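Report on the following structure.
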């Protein structure tokens with residue numbers, strides 16, 4: 009069983025890693041700013057569900073394939089980069105789903121689409137898979153059995169911290185931007201900013217090495 013000292017180290021590292029901004033955080037924040045608290049929580053559930061896929065893959069050894077196969081890593085990496093760039097371009101050329109306009113005939117993005125996009129953003133990030141494979145085993149106690157269960161438990165703790173952190177961001181962002189959300193000018197600026205950020209993230213992911 010992990011010692012109290014190691015558990016504190018693990019929790020501290022998990023908090024710092026979740027606080028560091030990345031595609032997941034940016035997606036959660038932009039969805040919250042664009043469509044409010046419900047959309048923010050759905051996006052958070054989506055990216056955390058994607059993280060659960062990576063935890064499962066790492067626990068079952070599937071992430072080793074990404075770590076040892078340059079082809080597999082490249083396929084996932086470029087698929088993820090293409091998806092981020094696709095989201096960015098869509099935000100640049102269309103207002104659909106990115107703001108609430110009482111006079112618009114177009115409905116905002118559905119809850120399922122918000123959740124699905126969050127899942128894909130995380131699943132198609134090979135760095136996330138490699139992170140869980142490299143980080144979690146350091147805190148698994150070997151020789152006592154139940155290593156896979158320990159791995160899952162540690163992964164769930166990381167995801168739980170992410171849910172708490174992102175939940176706080178959702179609540180704060182929702183309060184700060186509630187009045188701005190109905191502004192067409194603000195929505196247009198948000199679309200352009202979101203598009204540029206996701207395109208930049210996609211290009212950065214495509215240029216990263218394993």
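In my numbering, the protein residues as written are 9 to 218.
All residues carry an ideal CB built from backbone N, CA and C; glycine is no exception.
Just so we're clear, the structure is a prediction, and the values are computed from it rather than from any experiment.
Residue 219 - DSSP class collapsed to helix/strand/coil: Absent from the structure is residue 219, since the part of the chain shown begins at 9 and ends at 218.
Assigned secondary structure, residue 105 (DSSP; H/G/I helix, E/B strand, else coil): Note that residue 105 has pLDDT 44, beneath the 50 cutoff, so the model's placement of it is unreliable and no number is given.
Residue environment, residue 114, which counts as buried when at least 16 other CB atoms sit within 10 Å: The predicted position of residue 114 is uncertain, since its pLDDT is 49 and thus under 50; no value can be drawn from it.
As assigned by DSSP and simplified to three states, the class of residue 69: The DSSP-derived three-state label of residue 69 is coil.
Inter-residue spacing [alpha-carbon to alpha-carbon] between residue 212 and residue 89: A direct Cα-Cα distance of roughly 8 Å separates residue 212 from residue 89.
Residue 14 - DSSP class collapsed to helix/strand/coil: For residue 14, the secondary structure class from DSSP, reduced to helix, strand or coil, is helix.
Span separating the alpha-carbon of residue 105 from that of residue 118: Caution applies to residue 105, whose pLDDT of 44 falls short of 50 and renders its modelled position unreliable; the value that the coordinates give is listed next. Taking C-alpha positions only, residue 105 is separated from residue 118 by approximately 8 Å.
Buried versus exposed, by CB contacts within 10 Å (16 or more), residue 215: Exposed, because fewer than 16 other Cβ atoms sit within 10 Å of the Cβ of residue 215.
Cβ neighbour criterion (16 or more within 10 Å) applied to residue 129: So residue 129 counts as buried.
Nearest residue (CA-CA) to residue 207, options 93, 80, 180: Taking only the C-alpha atoms, the option nearest residue 207 is 93.
Three CB pairs or more closer than 8 Å across the segment 32-44 and the segment 126-145: Yes: the two stretches touch, three or more of their Cβ pairs being nearer than 8 Å.
Contact under 7 Å by Cβ, residue 134 with residue 84: Their beta carbons are under 7 Å apart, which means residue 134 touches residue 84 by this criterion.
Start-to-end residues for the alpha helix (DSSP H) that takes in residue 119: Its alpha helix (DSSP H) spans residues 119-131.
Contact under 7 Å by Cβ, residue 147 with residue 63: No, Cβ-Cβ distance for residue 147 and residue 63 is not below 7 Å.
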